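First up is the structure itself, then whatever we jot down about it.
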Amino acid sequence: MDKKFQLKRKHHHIWAHYLKHWSLDDLNVWYTTKKGNYRCDSVYGLAAERDFYKINFLNDEDVRFIRNFSSKSPDELRQIHNGYLNDFCIASRAAKLAETMQPPEHIKQRLEAFQYNVLENLHGSHETDVIEILACLNRGDISVFETSESRVKFKQFFAMQMTRTKSFKKKAMSFAVDRESFERHPNPPFSFETYSQLMEKNWWFLSYMFGMNIGANLTATQHDDKQVLLINETSQPFITSDNPIINVHESMKKIPEGQAPQYMDAFYPLSPKYAYMINNSDRYPSGKVSITRDEALVFNVEMAARAEEHLFAQTESQLKEVKRLCRERSKKPRM
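If you count by this note's numbering, then the sequence shown holds residues 110 to 444, one letter each, in order.
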């Protein structure tokens, strides 16, 4: 089979190149398993799920559903959404036509490869865009953001790391697929049951669309937000997880369960030594900020509390310490 038709079935929530920063041998990393055990394995097999980014070919109802979401966005973003949507509609029509005839084998292979590979490839393109940017940040160099191109690419990548994960999907679905909230909307275009089914079926497109929207918003508000490179040279290196960007804004402590936050201090560990924050608050000034061990520990415990299934660190002992502190915190009453 032609290499370009080979199917990518093992879809990654977290970039293997990113996880290498927590590896002591440039390959293996310590992590927690789904069952809560501790293992050290290759970064290439972790934080992945079979067919997580597989797309569904679209019918008219799917397109109407997606456009209903897109209609809430500004005109410029709607045009971008529509460009992507049109490409997927063309592929969908080709797939439908292929069902009614016997196309050549290479056509069937091309359509199947598109279905399994296209979204993984799109995320891969965002990763490629920021390899040099991340390398600069992990040297403590923020001059890379002096060009608007670098700022835009990084913000888009940053947003996609939020919306591509299983954790984001679960939270978004819990907000969106809520019958009580749904029934408050006058004249909904779909029944609740149909809406729920279409949300699940088309999440692959919606998640990418939400990433585009968040990335555009982060770019638009970059002069209002605090852009912070945290430097951690303490005995408590940063850890990361399969939900690597978390909102640590102070208001999160008071938000009722299931309610969307109004403010965001987005924390993203880049490596054991560096993390990047995009903040609504004045918690830190823009620029480079060195933090204390206690601050690093607070971030690590918060990261552990928000992980979906996996935590990643340089050592097993650090994972055990952070997990212990996370358990202790969970026993305390919420203020």
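Cβ atoms here follow ideal geometry from the backbone N, Cα and C, with glycine treated the same way.
Predicted model, so just to flag it, every value in this text is computed and none were measured.
For this session: Could you tell me the distance, in whole angstroms, from the CA atom of I354 to the CA atom of H121?
Result: Within the sequence shown, numbered from 1, the residue matching residue 354 stands at position 245. Within the sequence shown, numbered from 1, the residue matching residue 121 stands at position 12. If you take the alpha carbons of I354 and H121, they lie about 16 Å apart.
For this session: Determine, using beta-carbon pairs with one atom in the stretch 270-286 and one in the stretch 307-327, whether at least three such pairs fall under 8 Å.
Result: yes
For this session: Can you check DSSP and say which residues form a bridge with K397?
Result: Sequence index remark: in the sequence shown, residue 397 carries index 288 (1-based). DSSP, once it has assigned bridges, lists L338 as partnering K397.
Exercise. What's the C-alpha gap between K129 and P212?
Worked result: Along the sequence shown, one-based indexing puts residue 129 at 20. Along the sequence shown, one-based indexing puts residue 212 at 103. Answer to the nearest angstrom: the Cα atoms are 43 Å apart.
Exercise. How many angstroms separate the CA atom of H332 from the CA atom of M318?
Worked result: Position 223 of the sequence shown, counted from the first residue, corresponds to residue 332. Position 209 of the sequence shown, counted from the first residue, corresponds to residue 318. Their Cα atoms are separated by approximately 23 Å.
Problem set entry | Collapsed DSSP secondary structure at F299 in the structure displayed | Taking the sequence shown and counting its residues from 1, one reaches residue 299 at position 190. Of the three classes helix, strand and coil, the one that applies to F299 here is coil, per DSSP.
Exercise. Start and end of the alpha helix (DSSP H) containing S182?
Worked result: Numbered from its first residue, the sequence shown carries residue 182 at position 73. No alpha helix (DSSP H) contains S182, which DSSP labels as neither H nor E.
Exercise. How many Å lie between M444 and H358 at the Cα?
Worked result: Position 335 of the sequence shown, counting from 1, holds the residue named residue 444. Position 249 of the sequence shown, counting from 1, holds the residue named residue 358. Unreliable positioning characterises M444 in this predicted model, as indicated by a pLDDT of 44, which lies under 50. A coordinate reading is not provided.
For this session: Please list, in chain order, all residues of the same chain as D334 whose beta carbon is under 7 Å from its beta carbon, the five residues on each side excluded.
Result: Counted from its first residue, the sequence shown places residue 334 at position 225. Closer than 7 Å at the Cβ level, and outside the excluded window around D334, lie I387, N388, N389.
For this session: Note down, in chain order, each residue of its chain lying with its Cβ closer than 8 Å to the Cβ of P370, except the 5 sequence neighbours on either side.
Result: For the purposes of this step, residue 370 is identified with residue 261 of the sequence shown, where counting begins at 1. Result list for P370: N356, H358, S360, M361, I364, in chain order.
Problem set entry | Closer than 7 Å: N230 CB and nearest the ligand MG heavy atom | The model depicted lacks the ligand MG and carries no ligand whatsoever.
Exercise. Do the stretch 236-249 and the stretch 258-277 make contact, defined as three or more Cβ pairs closer than 8 Å?
Worked result: yes
For this session: Inspect the beta-carbon positions of E342 and S380 and report whether they are closer than 8 Å.
Result: Walking along the sequence shown from the start, residue 342 turns up at place 233. Walking along the sequence shown from the start, residue 380 turns up at place 271. Not in contact: E342 and S380 (Cβ atoms no closer than 8 Å).
For this session: With a 10 Å radius around its C-beta and 16 neighbouring C-beta atoms as the bar for buried, classify N296 as buried or exposed.
Result: Taking the first residue of the sequence shown as 1, we reach residue 296 at position 187. Per the 10 Å Cβ criterion, exposed.
Problem set entry | Uninterrupted alpha helix (DSSP H) stretches inside the stretch 342-390 (no shorter than 4 residues) | none
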